[in-house]
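Beneath this line is the structure, given in C-alpha cells, with notes to follow.
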Ligand SMILES: [Fe+2]
Ligand SMILES: [Fe+2]
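In my numbering, the protein residues as written are 16 to 198.
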C-alpha cells in the first residue's frame with residue numbers, strides 16, 4: 016500500500032537520524048563537544064520533517080481516514096496522538112537545553128543528552144507500534160482508491176509544509192551526517 020509505505024520509509028529516515036544523534040550525544044557527554052550547526056540541523060529535522068510533515072500526514076490525513084474506515088479513535092489512534100504531543104514537549108526541552116549549551120553553559124550537556132535520549136526512546140517505541148499495530152489496521156481496511164487519494168494528499172501536504180527544496184536539503188543533510196558520524 017503506497018501511502019503507508021511512504022510513512023514507513025520516513026520512519027527509516029528518522030531512525031538513521033536517531034543513530035546520528037546518539038553519536039553526537041556520545042561526544043557531548045564524554046568531552047562536552049557538539050557541532051552547533053549539525054545539532055541545529057537535527058533539531059530542524061525534528062521540528063519540520065518529523066513534526067510538521069510526518070506527524071501532520073498522520074494527524075490530518077491518515078488517522079481521519081482510519082476513523083472513516085471504521086477504526087475507533089479511542090485506542091491506538093488516541094495513543095499515537097498523545098505520544099506526538101509528548102514528543103513535542105521533549106523537542107521543546109531539547110531546544111531550551113541546547114540554547115543554554117550554546118550560550119556557554121557546558122554543565123547542561125548531560126541534561127541535553129538525556130533529553131535527546133528520552134525523545135529517541137519515545138519515538139522508537141512509537142514507530143514500532145505504528146509499523147506493527149496501527150499501520151497494518153489501515154493496510155487491511157483501505158481500498159485502492161483510498162490509498163491513491165491518501166498518497167496524493169500526503170504529497171500536497173508535504174509540498175505545502177516543507178517545500179521540495181527543503182525536502183531535498185534534509186536528504187542531503189542525512190547523507191552528509193551518515194558519512195561523518197556513522198561510517
Ligand atoms: Fe506517529
Ligand atoms: Fe509515524
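Beta carbons: idealized from backbone N, C-alpha and C, even for Gly. Note that this is a predicted model, so its numbers are computed, not measured.
For residue 92, count the other beta carbons within 10 Å of its own beta carbon; 16 or more makes it buried, fewer makes it exposed. Which is it?
By the 10 Å Cβ count, residue 92 comes out buried.
If you follow the alpha helix (DSSP H) that residue 194 is part of, which residue opens it and which one closes it?
That residue, residue 194, is in no alpha helix (DSSP H); it is neither H nor E in DSSP.
Do residue 72 and residue 136 have their beta-carbon atoms positioned less than 8 Å apart in this structure?
Residue 72 is positioned such that its CB atom lies no closer than 8 Å to that of residue 136.
Cβ-based neighbour list, residue 123, same chain, cut-off 8 Å, excluding 5 preceding and 5 following
Only residues of its own chain outside the window of five on either side were considered, and among them 112, 115 and 116 have a CB closer than 8 Å to the CB of residue 123, listed in chain order.
Evaluate the contact criterion for the segment 166–185 versus the segment 51–66: three or more CB pairs, one atom per stretch, below 8 Å.
At 8 Å Cβ cutoff, the stretches touch.
Meets three-Cβ-pair contact criterion under 8 Å: the segment 66–85 and the segment 96–104:
Touching, per the Cβ criterion.
Taking Cβ to Cβ, would you say residue 165 is nearer than 8 Å to residue 76?
Residue 76 is positioned such that its CB atom lies closer than 8 Å to that of residue 165.
Can you tell me the Cβ-Cβ gap for residue 81 and residue 141, rounded? I've got them flagged as a contact below 8 Å.
About 16 Å separates the two Cβ atoms, so there is no contact after all.
What is the DSSP secondary structure of residue 152, counted as helix, strand or coil?
Helix.
Per-residue DSSP class, three states only, for residue 48
Three-state result, residue 48: coil.
So what does DSSP say about residue 174, is it helix, strand or coil?
Looking at residue 174 - three-state DSSP - the assignment turns out to be helix.
Which first and last residues belong to the alpha helix (DSSP H) in which residue 120 is found?
Neither: residue 120 is in no alpha helix (DSSP H) and is coded neither H nor E.
Per DSSP, what kind of secondary structure is residue 157 in: helix, strand or coil?
Coil, per DSSP.
Does DSSP put residue 102 in a helix, a strand or coil?
In the structure shown, residue 102 falls within a helical segment according to DSSP collapsed to helix, strand and coil.
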